[in-house]
Amino acid sequence: MDNEFEGPDVVVAGAGGGLVAALRAAQWGLSVLVIDSNESFSRGNNTSMSTAMIPAMGTRFQRAAGVADSPEKFLGDVAAKTGGNYSVAVARSLAEMSAELVEWLADDAGLDISLVTDFTYPGHSVFRCHTIPGRSGAAMLGGLLAAVRAHDLIDVYVPARLLDVNTSHGQVTSVTVETPDGEEEISTRAVILATNGFAANTSLVATHIPEIAGATYFGSEHSRGDALRIGSSLGAATAYLDAYQGHAGLAMPAASLATWATVMHGGFLVNVEGQRYGNEASGYSEYAAESLRHAAGESWIIIDQRIYDACLAFQDFLDVIAGNGVKWGEDPRALSASTGIDVHGLSSTVEAVSEIARGTTTDPFGRTNWSAPLEGRLAAIRVQPALFHTQGGLQVNDRAQVLTGGGQPIPGLYAAGGAASGISGHGASGYLAGNGLLPALGLSYIAATEIARWLKPA
């Protein structure tokens with residue numbers, strides 16, 4: 065970094081969703097410094113590890129597909145999933161700007177955005193998840209990074225870990241960062257905390273989310289709770305620290321995500337005894353804890369050729385295939401031989417699920433959405449439950465400003481994504497697909513816009 069560098073208008077800590085903040089702020093003519101503790105962030109942060117699903121309501125992509133959606137409909141879905149216990153103001157703010165965000169990603173950031181219409185994720189009442197070809201977070205992050213590097217007003221400084229946000233009379237004045245050369249203080253007028261949550265901090269996970277503490281962590285090792293530490297030192301309030309996104313479908317040994325499209329297209333999970341243990345369609349997040357409790361952390365997703373073909377649109381699924389993560393059998397007996405699943409249990413479950421999917425009997429676990437019965441040869445994918453990221457953090461308002469315990473904004477301090485308190489309520493069951501990326505990208509976009517209006521008033 066240039067030693068004569070003058071303090072930027074904005075420091076963005078975290079080069080995942082924070083890249084959106086950098087681009088948006090630079091569009092307003094603000095100088096931006098992006099820092100990240102991970103020099104290889106483009107391959108190893110939580111944004112890059114996502115499936116690039118961004119919920120948005122009322123977009124031109126939805127209109128072109130004949131999908132009627134609205135912020136109110138989304139808020140209804142969030143309320144239903146969370147039991148009505150969530151940050152309504154933040155969710156409404158995100159919902160109302162989501163169409164603008166997604167269309168900005170297409171038109172200004174240059175991403176090839178499209179609407180996912182081959183299946184609906186649990187909890188979403190309409191097609192509203194937008195993505196890019198390959199449905200790959202790494203590809204999405206690569207596109208954002210290319211746009212950032214092409215902008216004259218944005219500098220990227222890595223590896224540089226945010227240690228402290230410094231204030232004078234309550235107003236942000238500078239940041240202290242840690243680099244391989246030591247500590248450095250950089251003057252700035254605003255800071256956006258986009259450092260993700262605390263899922264890599266085993267002590268914090270055990271304290272706040274003990275039900276998932278025994279699961280594999282599948283996320284960035286740099287999600288250490290830096291925002292919590294820094295915000296707390298400034299008197300910031302926290303909220304929903306027990307909220308998280310789990311996933312019951314981390315494929316092994318490929319260590320890649322067996323997309324939950326496998327389930328939503330009609331697949332199901334069994335334990336090594338060949339028995340189902342719940343309603344898989346309730347949601348992949350809450351099903352992680354179910355798997356941990358009832359399957360000793362090891363399950364198999366059972367699919368057929370139709371489902372296999374439908375999931376080829378996901379780069380993660382292609383990675384599972386490349387990692388020899390899909391086992392085939394002409395029938396349950398052959399599949400049992402190739403996987404070690406109990407043959408009697410598997411045969412009985414496949415037969416029972418076929419009857420349920422045809423509508424001749426009801427599911428004892430309450431699942432009603434079966435795309436079609438499995439037909440022909442069968443495949444199995446060995447999966448284990450995982451913790452992907454935390455959904456609670458610093459309390460923010462509808463303008464992404466970090467709030468004190470008294471509900472007042474800390475001037476110049478903003479938070480986005482896992483650093484903020486999110487919209488998933490408590491636990492894992494409130495998580496809707498995209499509840500990670502929408503606050504990550506959306507609160508970053510909102511924060512940058514708010515800072516620009518503050519520093520560059522009309």
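Every number in this note's numbering is 64 more than the matching position in the sequence shown, counting from 1.
From the three backbone atoms N, C-alpha and C, an ideal C-beta is built for every residue, glycine too.
Note that the coordinates shown come from a computational prediction; the quantities given were computed from them, not determined experimentally.
Could you tell me if residue i is buried or exposed, where buried requires 16 or more neighbouring beta carbons within 10 angstroms of its beta carbon?
i	result
Gln-472	exposed
Leu-376	exposed
His-233	exposed
Glu-68	Residue placement at Glu-68 is flagged as unreliable, the pLDDT there being 41, under the threshold of 50; the coordinate-derived value follows with that caveat. By the 10 Å Cβ count, Glu-68 comes out exposed.
Ala-516	buried
Arg-422	exposed
Asp-66	Low confidence applies here, because Asp-66 scores a pLDDT of 39, under 50, leaving its location unreliable and the question unanswered by this model.
Thr-426	exposed
Glu-354	buried
Lys-145	buried
Gly-331	buried
Gln-235	exposed
Ser-189	exposed
Glu-514	buried
Arg-431	buried
Arg-288	buried
Asp-368	buried
Arg-213	exposed
Pro-521	exposed
Ser-363	buried
Pro-503	buried
Arg-446	buried
Glu-103	exposed
The alpha helix (DSSP H) spanning residue i covers which residue range?
i	result
Thr-9	Missing from the structure shown is residue 9; the chain here goes from 65 to 522 and no further.
Lys-137	135-146
Asp-100	Looking at the DSSP string, Asp-100 is not in any alpha helix (DSSP H), and its letter there is neither H nor E.
Thr-123	Looking at the DSSP string, Thr-123 is not in any alpha helix (DSSP H), and its letter there is neither H nor E.
His-490	Here His-490 belongs to no alpha helix (DSSP H), and DSSP marks it neither H nor E.
Asp-290	290-297
Ala-315	Here Ala-315 belongs to no alpha helix (DSSP H); instead the beta strand (DSSP E) covers 308-315.
Tyr-509	501-519
Val-407	407-422
If the criterion is Cβ atoms closer than 7 angstroms, does the pair residue i and residue j meet it?
i	j	result
Val-98	Val-229	no
Gln-609	Gly-393	Residue 609 falls outside the range modelled here, since the chain spans only 65 to 522, and no answer is possible.
Phe-125	Leu-165	no
Ser-485	Gly-456	yes
Val-5	Ala-322	Any question about residue 5 goes unanswered here, given that the chain covers just 65 to 522.
Ala-291	Ala-483	yes
Ile-218	Ala-90	yes
Thr-326	Ile-371	yes
Ala-492	Glu-350	yes
Gly-207	Leu-175	yes
Pro-135	Glu-167	no
Thr-302	Leu-458	yes
Asn-109	Gly-80	yes
Val-154	Asp-406	no
Phe-183	Met-328	yes
Thr-454	Ala-143	no
Thr-115	Arg-199	yes
If residue i and residue j are in contact, beta carbons under 8 angstroms, what's the gap, nearest whole angstrom?
i	j	result
Ser-488	Ala-307	5 angstroms
Leu-205	Ser-112	5 angstroms
Phe-452	Phe-282	6 angstroms
Ser-162	Ala-120	4 angstroms
Leu-257	Tyr-509	Leu-257 to Tyr-509, Cβ: 15 angstroms. No contact.
Ala-497	Met-117	5 angstroms
Asp-73	Arg-253	6 angstroms
Asn-467	Ala-300	According to the sequence displayed, residue 467 carries Leu and not Asn. Sure, about 7 angstroms apart at Cβ, within 8 angstroms.
Leu-399	Leu-442	5 angstroms
Ala-7	Tyr-348	Residue 7 is absent from the model: the chain starts at 65 and stops at 522.
Val-255	Ala-77	7 angstroms
Ser-170	Ala-279	The sequence shown places Ala at residue 170, rather than the Ser named in the question. The pair is not a contact, with the Cβ atoms about 35 angstroms apart (cut-off 8 angstroms).
Asp-133	Arg-192	5 angstroms
Ala-224	Thr-243	5 angstroms
Could you give the residue range of the beta strand (DSSP E) that holds residue i?
i	result
Glu-249	246-251
Ile-367	363-368
Ala-325	Not the beta strand (DSSP E): Ala-325 falls in the alpha helix (DSSP H), residues 325-328.
Tyr-478	473-479
Thr-454	442-454
Arg-225	225-232
Gly-80	Where Gly-80 is concerned, there is no enclosing beta strand (DSSP E), given that its DSSP letter is neither H nor E.
Thr-240	235-243
Ala-300	Neither: Ala-300 is in no beta strand (DSSP E) and is coded neither H nor E.
Leu-333	332-334
Val-460	Counting along the chain, Val-460 falls outside any beta strand (DSSP E), and DSSP gives it neither H nor E.
Segments assigned alpha helix (DSSP H), at least 4 residues, entirely inside the region 341-401 = 348-358, 369-374 and 379-386
query = Considering only residues of the region 142-204, which uninterrupted beta strand (DSSP E) runs meet the minimum length of 3 residues and lie entirely inside it, listed in chain order?
reply = 193-195
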